[in-house]
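Here's the structure, in structure tokens; my notes come after.
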Amino acid sequence: MSKGGPTDTAEKIKRDGNIPRHVAIIMDGNGRWAKRRGLPRIHGHRAGRKAVREVVEGCVELRVQVLTLYTFSVENWRRPQREVSALMRFLEQTLREERAELRKSDVRLGAIGRLTDLPEPVQNTLAETIDYLKSGKGLLLNLAISYGGRAEIVDAVKKMIGDVPEWLSGPQEIDEQFFENYLYTAGLPDPDLLIRTSGELRISNFLLWQLAYSEIWVTDTLWPDFRKKHLFQAIRDYQQRERRFGRID
169 MSKGGPTDTA
179 EKIKRDGNIP
189 RHVAIIMDGN
199 GRWAKRRGLP
209 RIHGHRAGRK
219 AVREVVEGCV
229 ELRVQVLTLY
239 TFSVENWRRP
249 QREVSALMRF
259 LEQTLREERA
269 ELRKSDVRLG
279 AIGRLTDLPE
289 PVQNTLAETI
299 DYLKSGKGLL
309 LNLAISYGGR
319 AEIVDAVKKM
329 IGDVPEWLSG
339 PQEIDEQFFE
349 NYLYTAGLPD
359 PDLLIRTSGE
369 LRISNFLLWQ
379 LAYSEIWVTD
389 TLWPDFRKKH
399 LFQAIRDYQQ
409 RERRFGRID
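In the numbering used here, the protein residues as written are 169 to 417.
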């Protein structure tokens, strides 16, 4: 349980130091939020947009380097076609409507996953938005779209097999750093902190390689109700932990 409180501010948290470089979030609970209100599931996703705004704003204030949001998984393609189509339209609309505000906040945009599986209009809007925000010098907002941790590892192996340099004399030269260069997240720090909303205690095929030593913070709050204060509570709790990475102190 977090020891943070409503009086925590970005400046106070920054003064205490140890801000995570990379925060990853499993944004869970949109469907349940809508169901409890007798609304279609898409209304939960729309309500979650405010939560995204607040989390981005909080990460900018704290000077977090990377925020990765689990936006749409490879498993989500199995949902009813009507819901998937609505989600794709909502994603495209959100990218268009939020890009100006993101640029004001000096935010860059990135995306990881099997992006070619996305409908062409979504691919185009995503590419346009990434280009529109490429001059940002602050937070990297990284969207995991059509993403799966196992799929990422499989894709990395395929790419590595097709791209192994001729000088590689044998498998003994393949180490963790070599392999990481073929992941979607190549060049990014691993998440220091994973946040999951809605109280579920699983990582749902998210960043399986990268989360090896991440601290995990779970809240019962459903994603549409998640606010900056919850982010600050998670980071305050993170600051109070001792990370050993397998060492004995």
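We treat Cβ as the ideally placed atom computed from N, Cα and C, and that holds for glycine.
Short Cβ contact (8 Å threshold) for residue i with residue j
| i | j | result |
| --- | --- | --- |
| L361 | E383 | yes |
| M256 | W391 | no |
| L369 | L309 | no |
| L230 | I187 | yes |
| G216 | N244 | no |
| L307 | L235 | yes |
| V228 | V191 | no |
| S241 | L286 | no |
| S366 | R200 | yes |
| R204 | E251 | no |
| Y352 | G281 | yes |
| F374 | G330 | no |
| R267 | L294 | no |
Secondary structure of residue i, DSSP reduced to three states
| i | result |
| --- | --- |
| L301 | coil |
| I187 | coil |
| G316 | coil |
| L237 | strand |
| K200 | Residue identity differs from the one stated: residue 200 is Arg in this sequence, not Lys. Residue state, collapsed to three classes: helix. |
| K182 | helix |
| I342 | coil |
| P289 | helix |
| N244 | helix |
| S253 | helix |
| R205 | coil |
| R217 | helix |
| V322 | helix |
| T177 | coil |
Cβ neighbour criterion (16 or more within 10 Å) applied to residue i
| i | result |
| --- | --- |
| F394 | buried |
| S337 | exposed |
| I363 | buried |
| P339 | exposed |
| Q401 | buried |
| V322 | exposed |
Sheet register partners of residue i (DSSP bridge)
| i | result |
| --- | --- |
| K279 | At residue 279 the sequence reads Ala, which differs from the Lys that was named. A279 is bridged to L311. |
| A192 | T236, L362 |
- Item | In chain order, each alpha helix (DSSP H) run of at least 4 residues that lies wholly inside the segment 352-413 | 396-407
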